[in-house]
Amino acid sequence: MSSIYQKKFWRELDQLKIHVYYLELYLEKTENTERGINIFLAAASSGSIASWAVWNNLQLLWATIIAASQFINVIKPHLPYSLRLKSLSSLTNELESLFISMENHWFHIAEGRLTEEEIHKLHIEIKEKRRLSIQKHLGKASLPHNEKIMERARQSAKTYFINFYE
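All residue numbers for the sequence shown refer to our numbering, where the first residue is 784 and numbers rise by one.
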């Protein structure tokens, strides 16, 4: 890489891949959380009724399970998981498409077919597309940072670039 603009574009390509992996992993975590909540609610509502008669001496335990499941049912619409599933899925797909587009442009950049001005303009256009995608799918919704997921995303991106660019 010879110019600062090529380096900036490469760093953006790297960061976007990390971002895509991060969102994919976050989506997986969110799916697992949502699935866990739904399994608990299903088991509590069906299992508690049947077990109530069988385990009469554990009435307090079953009453607690039923109360917890009712509480979760009440607050579930206000939990972020269902909304996040849709948002993260759509955003991940859009950013993956943007990444593929960047990879395609990278070939021309690496071969020196674009001027520094063209590279800079392309870089800014891609950053704006990424910003608009995030705004469109996440809006003002928060996505709490998860360092463990971020580290896994960094490692996955590193492996990707080693496999395809070295």
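Built from N, CA and C at the ideal position, the CB exists for glycine as well.
For residue i, three-class secondary structure by DSSP
i	result
residue 914	helix
residue 942	helix
residue 827	helix
residue 896	coil
residue 923	coil
residue 949	coil
residue 815	helix
residue 928	coil
Integer-rounded CB distance, given that residue j should sit under 8 Å from residue i
i	j	result
residue 885	residue 796	5 Å
residue 863	residue 924	7 Å
residue 826	residue 849	Not quite, the Cβ-Cβ distance comes to about 11 Å (not below 8 Å), so this is no contact.
Where the alpha helix (DSSP H) containing residue i begins and where it ends
i	result
residue 870	864-893
residue 843	842-858
Cβ-Cβ distance between residue i and residue j below 8 Å
i	j	result
residue 802	residue 870	no
residue 881	residue 912	yes
residue 897	residue 817	no
residue 855	residue 808	no
residue 789	residue 902	yes
residue 800	residue 943	yes
residue 829	residue 877	no
residue 905	residue 888	yes
residue 859	residue 909	no
residue 786	residue 894	no
residue 872	residue 810	yes
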